[in-house]
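Take a look at the structure set out below.
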Amino acid sequence: MLAAALLSALALLLASPPAHAGAQREEQLADAVRGALAAASADARPARPVFVSAGERDAYLRWVAEMSRRLEPRIPEPLIRTELVETVYYEAKRAGLEPALVLGLIQVESNFRKYAISTAGARGLMQVMPFWARTIGDGDARKLFHLQSNLRYGCTILRHYLDRESGDLFLALGRYNGSRGRAEYPNAVLAAWKRWQQAEVAVTVASAAESNGALAAAARPGRAGDAAARLLPAPSRPLGGPAAFPPTRLSDPS
């Protein structure tokens, strides 16, 4: 009985696709950039989205339920799925990214395996290289296997690469994968992103202490600093190269 269970577990392990990550390149960062990234990646208890109406709240809950349903074949436990989806939503919005893009990137990078390790040493759901924990964190690479920490690092890093590439998602994804200029990885993320897309609610993420101010900000979608209003538009074709995907300028999240 035990032998059969062990063989079944081994077969499942061998059937799991390898982590897709390349090797994010460690680079010299200016002190101001390092400080900004460190502040952006600092751990904090995730806040709940703030809703300006009951309809907005219901739409968000429907989105969470649908994403959780789609994840069921990969993650059977409903509570784990819900926690993942809610945290992806929070961390993506916090960084000014579309949650569906982050879900697509996770699918390509780790196939939603929390403890995935690539041949290059990248770790966790978003396959973050350990040097980032030293560069912009406290040096504890074990945190890269923690759900929120991994997503916080991954979203912060992708946001940094988008800003560095002036909003060019093709080049930013290449940097994230360590294959800048090549089309294979950006196209894989694009295909996965499109599969995860569904109409999302433009809600605001804020701490409880900031809820009143966030409600007012959410009621003014044109206001600078509204992360929910700064979503990447969905490309309609394979990326192919920088010329096939026009740069999308995104403002820094406040």
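Read left to right, the sequence shown gives residues -21 to -1, 1 to 233 (mature numbering (1 follows the signal peptide of the UniProt record, and there is no 0)).
Note that the Cβ used here is the ideal one computed from N, Cα and C, for glycine as well.
Fair warning: this is a prediction, and the values are worked out from it, not measured in the lab.
- Give every residue of the same chain whose Cβ lies closer than 6 Å to the Cβ of Gly83, excluding the five residues on either side of it in the sequence, and list them in chain order. Val168, Ala171, Trp172, Trp175
- With Leu81 as the anchor, note down where its alpha helix (DSSP H) starts and where it stops. What sits at residue 81 in the sequence shown is Val, not Leu. First-last of the alpha helix (DSSP H) with Val81: 78 to 89.
- Query: Is the distance from the Cβ of Ala74 to the Cβ of Arg138 below 8 Å?
  - Reply: yes
- Query: Do Leu104 and Lys93 have their CB atoms nearer than 8 Å?
  - Reply: Contact check for Leu104 against Lys93 passes: the beta carbons are separated by less than 8 Å.
- Based on the DSSP secondary-structure assignment, which residues constitute the bridge partners of Val107? Val107 pairs with Arg102.
- Query: Secondary structure at Ile96, three-state DSSP: helix, strand or coil?
  - Reply: strand
- Task: Would you give the residue range spanned by the alpha helix (DSSP H) that Phe149 belongs to?
- Result: 148 to 156
- Task: Return the residue from the list Glu144, Ser145, Gly146, Val107 that minimises the CA-CA distance to Leu130.
- Result: Val107
- Report the rounded CA-to-CA distance for Arg49 versus Leu63, giving the unit in angstroms. 12 Å
- Message: Tell me which residues share the same chain as Arg143 and place their Cβ nearer than 8 Å to its Cβ, disregarding the 5 neighbours each side in the sequence.
- Response: Ala151, Arg154
- Neighbourhood of Asp119 by C-beta distance below 8 Å, restricted to the same chain and skipping five residues each side: The answer, listed in chain order, is Ala112.
- Task: Buried or exposed for Glu70, please, with buried defined as at least 16 other CB atoms from any protein chain shown within 10 angstroms of its CB.
- Result: buried
- Does DSSP put Pro165 in a helix, in a strand, or in coil? helix
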